[in-house]
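Colleague: Add 8 to a position in the sequence shown, counting from 1, and you land on the number used in the working numbering.
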Amino acid sequence: MSFLPFRIKSIHQETSDTKSFVLESTARLEYMPGQFLTVIHPGAQNEVRRQYSFSSHPVLDKYPVITVKRIANGEVSRWLFDIAKEGDEIQTLGASGRFTLSKKVEATVTIIFLAAGSGITPIYSLMRDVLHFHQHIKVILIYSNHSERSTIFLSELQQLQKQFSEQLTIEFLFSNNRNLMRARLGKTVLEDLLRIYAPWPAKTIAYVCGPLDYLKMSHMTIHAQGL
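1) So, at 7 angstroms on beta carbons, what are the nonlocal neighbours of D25 in its own chain, with the 5 sequence-adjacent residues on each side left out?
2) Thinking C-alpha only, which one of D221, E156 and L45 is nearest Q99?
3) Where do the ends of the alpha helix (DSSP H) carrying T196 lie?
4) Is the beta carbon of T212 closer than 8 angstroms to that of L198?
5) Less than 6 angstroms between C-beta atoms, sequence neighbours within five positions excluded: which residues of the same chain meet that for S158?
6) Just mark K27 as buried or exposed, buried being the case when its beta carbon has 16 or more other beta carbons within 10 Å.
7) Going by C-alpha distance, which of M40, K170, L193 and Y132 is nearest I160?
8) Which runs of the beta strand (DSSP E) at least 3 residues long sit entirely within the segment 64-88? Give them in chain order.
9) Between which two residues does the beta strand (DSSP E) containing S238 stretch?
10) At which residues does the alpha helix (DSSP H) containing Y222 begin and terminate?
11) Grab me the residues of P13's own chain with a C-beta within less than 6 angstroms of its C-beta, minus the 5 sequence neighbours each way, in chain order.
12) Can you find the residues in the same chain that come closer than 6 angstroms, C-beta to C-beta, to L193, ignoring five residues on each side of it along the sequence?
13) Quick check: what's the CA-CA separation for V128 versus E38?
In structure tokens form, the structure reads like this:
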């Protein structure tokens, strides 16, 4: 099996439990927005591999970036978050994954991105691709978090909203919001948002990334609305 080594060029703290790792390598890495990088834990007794989505864009960004949320029982995420430092080398298996833009994108009028927590990581890369290279498509992001403080890429998303004000609409949902219609994304809230943002279901595509229960609820509701 062919391994692809990277050096950690820099580390950026996104939230209290999330960091982004800027990587560089002498070998060329080819990846698509929405794909992930398989990272190998160097100190594990038995080889441990985990997949982390690219938050970077292969054309818009000079270096590939993965964004990692620290999981309490996550062996690899704890190593990256607590121990790995700038200049360290990490071993990977390169890029893979099928969470990429559909070939039907040119016939699409609207793309709705739904993300919860660290599910924004691949969504962020996909969004930037659509905004820069498919400007005929209306982009809607429905992004769920506990609070503004825990929201990964909050300032970057707000900047995108200003830059692409005619193309991009973002619905930030915070579970600590007293307004229940702008708190947790349940079936009723999602149905209401889809009625607003997906008036032409046949020409709308949805991408969803988040915890399992969130995925199940979103998929059921989206399909029921004809997307």
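Yeah, the Cβ is synthetic: ideal placement off N, Cα and C, and Gly gets one too.
Modeller: Reading off the structure:
1) K77 and R78
2) L45
3) K195 to Y205
4) no
5) T23
6) buried
7) Y132
8) 73-77
9) Missing from the structure shown is residue 238; the chain here goes from 9 to 235 and no further.
10) L220 to A232
11) E97 and Q99
12) S152 and L181
13) It is Ile, not Val, that sits at residue 128 in the sequence shown. About 21 angstroms.
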